[in-house]
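Protein chains in written order, with our numbering: chain A, 21 to 143; chain B, 33 to 146. These notes concern the structure reproduced below.
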Amino acid sequence: GAVVSQHPSWVICKSGTSVKIECRSLDFQATTMFWYRQFPKQSLMLMATSNEGSKATYEQGVEKDKFLINHASLTLSTLTVTSAHPEDSSFYICSAPRGLAGGPVRSGANVLTFGAGSRLTVL
Amino acid sequence: GDSVTQMEGPVTLSEEAFLTINCTYTATGYPSLFWYVQYPGEGLQLLLKATKADDKGSNKGFEATYRKETTSFHLEKGSVQVSDSAVYFCALRGFSGSARQLTFGSGTQLTVLP
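Laid out in structure tokens, this is it:
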């Protein structure tokens, strides 16, 4: 079945450094990727939607300059947490929609394939 | 806006016990409802879904019924197995039908002991 590979699965960094998280669709083309964040005991929240070849769309309250998203190819989207601080410590998950039976992506009729998540701890 | 509230975990059960994980929602219109499962080291996978009131979604022995009158979509399984140990997320998709409109609950960690 379709797989989205997300790396790293776990990262610890010092405050002020930047961390890049990658999501790759291994056996399908992902023109869109969704990035989520989950703080402990809270809901999984959509942060942004990345689109191949164009700028990402950020949800309200998410800082564009802190969370840089790049979707350079049909199989790779990256999230870079810049100048990370302890409050950025969270679980980050990506997902990509794909069409049913390998067909085109259509509104309301897609299958979401999720990465396994990346747990970021900023010291 | 839309929201999903699910039972806080963690939940620990013995093998063959009955499982219920509660999920209630707030949404305008007629959302679709989902349960996702995340096994250790893997991505979330769709477990079951229901798209209209009174629909029952089922898969791998799990069931959930879309109850509009109580705005609930509780997950149940009659006899859990060790292999069911995972995190379970309740979610809804707004009326627009876009994947962007998925709203998740906070997840419930289930551990099944042999």
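Every residue, glycine too, gets a C-beta built ideally from N, C-alpha and C.
Could you tell me which of A:Leu64, A:Met65, A:Val24, A:Val39 sits nearest to Asp47 of chain A, measuring between CA atoms?
-> When each option's Cα is compared against that of Asp47 of chain A, the closest is A:Val24.
Of all the CB atoms in chain B, is at least one closer than 8 Å to the CB of Gln62 of chain A?
-> Interface annotation, Gln62 of chain A: in contact with chain B, CB-CB separation under 8 Å.
Residue closest to Ile41 of chain A, alpha-carbon to alpha-carbon, out of A:Ala50, A:Leu94, A:Thr102 | The shortest C-alpha to C-alpha distance from Ile41 of chain A to any of A:Ala50, A:Leu94, A:Thr102 is the one to A:Thr102.
Going along the chain, which unbroken runs of the alpha helix (DSSP H) with 4 or more residues stay wholly within the segment 83-122 of chain B?
-> Restricting attention to alpha helix (DSSP H) runs no shorter than 4 residues, the segment 83-122 of chain B encloses none.
Taking Cβ positions only, does Gly73 of chain A come closer than 8 Å to chain B?
-> Gly73 of chain A has a beta carbon lying at 8 Å or more from every beta carbon in chain B.
Where Ala82 of chain B falls, given that 16 or more other Cβ within 10 Å makes a residue buried = By the 10 Å Cβ count, Ala82 of chain B comes out buried.
Please state if the CB of Val36 of chain B and the CB of Ala96 of chain B are separated by a distance shorter than 8 Å.
-> With a cutoff of 8 Å on beta-carbon distance, Ala96 of chain B and Val36 of chain B are scored as not near each other.
Since Ala50 of chain A is in the beta strand (DSSP E), which residue starts that stretch and which ends it?
-> Looking at the DSSP string, Ala50 of chain A is not in any beta strand (DSSP E), and its letter there is neither H nor E.
Flag Leu65 of chain B as yes if its beta-carbon sits less than 8 Å from any beta-carbon of chain A, otherwise no.
-> It does not; no Cβ of chain A falls within 8 Å.
Put Gln133 of chain B into one of helix, strand or coil per three-state DSSP.
-> Helix.
Residue range of the beta strand (DSSP E) that includes Lys34 of chain A = Note, Lys34 of chain A: premise wrong, no beta strand (DSSP E); not H, not E.
Checking contacts by CB at 8 Å: is Ser138 of chain B closer than that to chain A?
-> It does: the Cβ of Ser138 of chain B has a partner Cβ on chain A nearer than 8 Å.
Per-residue contacts from Ala136 of chain A into chain B (C-beta, under 7 Å) | Correct list: Gly73, Glu74, Gly75.
Check whether the Cβ atoms of Met53 of chain A and Ala116 of chain A sit closer than 8 Å, and answer yes or no.
-> Taking 8 Å as the Cβ cut-off, Met53 of chain A and Ala116 of chain A qualify as a contacting pair.
Any C-beta of chain A sitting closer than 8 Å to the C-beta of Tyr57 of chain B?
-> So no, Tyr57 of chain B is outside the interface.
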